Amino acid sequence: MRSTGIRRTVAALGVSALALTACGGNTDDSASGKTRITVNCMPPKSAKVDRGFFEEDVAAFEKQNPDIDVVAHDAFPCQDPKTFDAKLAGGQMEDVFYTYFTDARHVVDIDQAADLTPYVKELKSYGTIQQQLRDIYTVDGKIYGIPRTGYSMGLIYNRALFEKAGLDPDRPPTTWAEVRTAARKIAGLGGGTVGYADYSAQNQGGWHFTAELYSQGGDVVSPDGKKATVDTPEGRAVLQTLHDMRWTDDSMGSKQLLVINDAQQLMGSGKLGMYLAAPDNIPILVKEKGAAYEDLAIAPMPGGRATLVGGDGYMVGKKASPAQIRAGLKWLDHMFLTPGDGFLGDHARAKRHDAPVGLPEPRLFTGAADAKDQQVKKANANVPVENYQPFLDGNASLEMKIEPPHAQQIYSVLDGVVSAVLTKEDADIDRLLKDASGKIDGILARG
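So that you can map any letter, position 202 of the sequence shown is 201 in numbering that gives the first Met the number 0, and since no number is skipped, the others follow by simple counting.
Okay, structure coming up:
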């Protein structure tokens with residue numbers, strides 16, 4: 000699934016607007032002496048802070064590189080799955096275009112991505128990016144994309160409710176048994192308080208089932224991507240835990256078929272103890288849902304085995320010229336891949352505009368680059384970073400697992416499994432998993 004949206008707050012910032020043109024093109028404008036590239040995922044005008052930062056950084060890039068003309072297109076969300084393939088096939092995609100991690104192999108398979116392997120040596124930052132993120136855009140030994148951000152799932156929890164329930168907010172649950180115990184105590188506070196919430200609609204239930212399965216050491220598909228592996232002891236453990244929390248403990252509330260906004264509303268109103276999410280949920284809970292940073296914390300995924308990771312990056316269109324590829328990589332270096340600077344890394348600028356600084360992710364770099372990024376982030380932190388230390392400490396020992404192939408189709412199948420368990424007390428878990436396994440096998444067979 001994609002991340003939760005733009006990471007900064009919306010506030011006024013006066014910066015002159017870039018001229019926009021239609022998508023696509025692949026004309027490098029060499030006759031004018033400039034290489035022209037179209038890029039996407041510029042924040043929309045409604046996100047004034049992010050929009051201003053983006054435009055400011057593009058203007059600085061063009062000043063430093065007068066031979067490159069960047070034409071940016073705004074979009075939110077940055078990619079619409081309903082139109083993504085059509086834009087690629089129709090030649091309407093930008094030269095340098097945004098993708099989710101789960102898109103990488105698909106774009107390569109349909110032959111719409113430029114091979115960047117001969118050019119990445121010119122990308123100054125490439126060697127500093129985490130290897131597991133680089134690998135996502137590497138297919139058959141060739142490099143087809145550059146990661147921009149990464150996230151991993153964790154357990155967001157309300158410290159204030161933990162204290163009220165007699166739980167230690169500095170010692171969050173580390174196992175699903177402990178989650179169940181904590182949820183029961185929090186729900187026992189009454190007044191409509193929910194101990195633990197989970198999604199079960201709009202493919203988000205399947206997404207969370209996958210994350211919970213990973214956390215128990217299971218997987219959704221076999222390593223070769225040909226068979227479903229949900230009908231397993233780990234799959235049954237996930238569903239049995241949800242069933243028991245919902246029906247035996249009554250710690251998940253009576254309202255089900257929730258999606259992400261429902262959980263965020265509950266947490267923001269102080270009525271929810273825990274739910275699974277990435278750290279970028281935290282500023283949304285504060286800025287949009289009414290929570291306070293001091294009350295919010297995040298722990299690693301319970302179970303101690305693995306966590307689901309996702310994120311995004313950029314690929315370059317198949318028809319891009321060598322000059323456009325080089326220009327695109329230079330732009331990515333400037334915008335996103337310079338520690339302590341650029342659209343995502345200028346933490347001092349973000350702080351000046353009251354954007355949250357100090358969240359535990361994204362953690363893109365390694366070595367000296369990571370150290371610099373963390374140093375600048377720490378120096379400008381304006382959120383309670385100590386609330387996120389359990390997440391950072393715990394993640395160090397977890398396996399990082401990306402989403403399965405054909406993720407959205409599989410999630411649609413698993414949505415029905417999770418929703419049945421949370422809405423029917425007598426749901427047959429074995430039958431649900433067997434049926435889901437057969438449907439997933441069919442999706443994988445179709446390729």
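Glycine included, each C-beta is placed from N, C-alpha and C at the ideal position. Nothing here was measured: the structure is a model prediction, and the numbers come from that model.
Which same chain residues, not among the five before or five after residue i, have their C-beta less than 6 Å away from its C-beta?
i: Ile145; result: Gly312, Tyr313, Leu331
i: Lys33; result: Asp66, Asp68
i: Ala426; result: Ala419, Val420
i: His346; result: Val356, Val375, Lys376, Asn379
i: Tyr125; result: Val119
i: Gly24; result: Unreliable positioning characterises Gly24 in this predicted model, as indicated by a pLDDT of 49, which lies under 50. A coordinate reading is not provided.
i: Thr240; result: Trp175
i: Lys350; result: Val356, Asn379, Asn381
i: Ala370; result: none
i: Leu336; result: Ser124
By the DSSP assignment, the alpha helix (DSSP H) with residue i in it spans what residues?
i: Gly341; result: 341-344
i: Asp369; result: 366-378
i: Pro171; result: It is not in any alpha helix (DSSP H) - Pro171 carries neither H nor E in the DSSP assignment.
i: Gly272; result: No alpha helix (DSSP H) holds Gly272; the beta strand (DSSP E) holding it covers 271-276.
i: His352; result: Segment: none, His352 is in no alpha helix (DSSP H) and carries neither H nor E.
i: Asp294; result: Element bounds for Asp294: n/a, residue is neither H nor E.
i: Val237; result: 232-242
i: Arg158; result: 158-163
i: Trp330; result: 321-335
i: Leu115; result: Unbroken run through Leu115: none, as it is neither H nor E.
i: Tyr213; result: 203-214
Determine, using beta carbons only, whether residue i and residue j come nearer to each other than 7 Å.
i: Gly327; j: Ile128; result: no
i: Asp230; j: Lys438; result: no
i: Asp73; j: Met41; result: yes
i: Ala113; j: Val315; result: yes
i: Gly467; j: Gly149; result: What the structure shows of the chain is the stretch from 0 to 446, and residue 467 is not part of that stretch, so it cannot be assessed.
i: Val285; j: Tyr274; result: no
i: Tyr198; j: Leu257; result: yes
i: Phe390; j: Gly153; result: yes
i: Pro168; j: Glu162; result: yes
i: Ile173; j: Ile142; result: Looking at the sequence itself, residue 173 is Thr, so the reference to Ile does not match. Not closer than 7 Å, so no.
i: Glu424; j: Trp246; result: yes
i: Thr82; j: Gln255; result: no
i: Ser253; j: Met244; result: no
i: Val138; j: Val119; result: no
i: Phe208; j: Val417; result: yes
i: Ile281; j: Leu295; result: yes
i: Ile259; j: Tyr387; result: no
Who are the Cβ neighbours of residue i in its own chain at under 7 Å, not counting the five residues just before and after it?
i: Leu271; result: Asn157, Val193, Ala196, Ala262, Leu265
i: Pro440; result: Reading off the sequence shown, one finds Asp at residue 440, where the question assumed Pro. Correct list, in chain order: Lys226, Ala227.
i: Gly446; result: none
i: Ser436; result: Ala227, Val229, Asp230
i: Gln131; result: Met399
i: Gly234; result: Leu212, Gly217, Leu432
i: Gly104; result: The residue you asked about is not Gly; residue 104 is Arg in the sequence shown. Val138.
i: Gln323; result: Asp27, Thr34, Ile36, Asp94
i: Asp372; result: Pro338, Gly339, Gly344, Phe364
Within a Cβ cutoff of 8 Å, which residues of the same chain sit near residue i, ignoring the five residues on either side of it in sequence?
i: Leu443; result: Val220, Gly224, Lys225, Lys226, Ala227, Pro404, His405
i: Leu19; result: Note that Leu19 scores 32 on pLDDT, short of 50, meaning its location in the model is unreliable and no value can be drawn from it.
i: Lys317; result: Asp110, Gln111, Ala112, Ala113
i: Lys288; result: Gln263, Gln264, Met266, Gly267, Ser268
i: Cys22; result: Residue placement at Cys22 is poorly supported in this model, since its pLDDT is 45, which falls under 50; the coordinates still yield a value, given next. Closer than 8 Å at Cβ, skipping near neighbours: Thr37, Asn39, His72, Lys86, Gln91, Met92, Glu93.
i: Ser2; result: Per-residue confidence for Ser2 stands at a pLDDT of 49, beneath the threshold of 50, marking its modelled position as unreliable; no derived number is given.
i: Leu397; result: Ser151, Pro299, Met300, Gly303, Arg304, Ala305, Thr306
i: Ala164; result: Ala181, Lys184, Ile185, Gly187, Leu188, Gly272
i: Asp248; result: Arg179, Ala182, Arg183, Ala186, Gly194
i: Gln407; result: Pro80, Asn202
What first and last residue would you give for the beta strand (DSSP E) that runs through residue i?
i: Lys317; result: Run containing Lys317: none; DSSP gives neither H nor E here.
i: Gly144; result: 144-151
i: Gly194; result: 193-195
i: His405; result: Here His405 belongs to no beta strand (DSSP E), and DSSP marks it neither H nor E.
i: Thr34; result: 34-41
i: Phe96; result: 95-99
i: Ala71; result: 67-73
Rounded to the nearest angstrom, how far is the Cβ of residue i from that of residue j, given a contact under 8 Å?
i: Glu402; j: Thr101; result: 5 Å
i: His333; j: Asp56; result: 7 Å
i: Arg348; j: Phe52; result: 7 Å
i: Arg430; j: Glu121; result: Contact doesn't hold; Cβ gap of about 55 Å is too wide.
Evaluate contact between the stretch 157-168 and the stretch 356-371, counting only Cβ atoms and requiring at least three cross-stretch pairs below 8 Å.
Between the stretch 157-168 and the stretch 356-371, the count of Cβ pairs shorter than 8 Å is below three; the stretches do not touch.
Is the stretch 350-365 touching the stretch 57-70, taking contact as three or more C-beta pairs under 8 Å?
They do not touch, by the three-pair rule.
Any contact between the stretch 293-304 and the stretch 200-208? By contact I mean 3 or more CB pairs, one from each, below 8 Å.
No: fewer than three Cβ pairs fall under 8 Å.
Does the pairing of the stretch 371-391 with the stretch 407-416 give three or more beta-carbon distances under 8 Å?
No, they do not touch.
Under 8 Å, with one C-beta from each stretch per pair, do the stretch 183-191 and the stretch 336-347 reach the 3-pair mark?
The stretch 183-191 makes no contact with the stretch 336-347; the number of CB pairs closer than 8 Å stays below 3.
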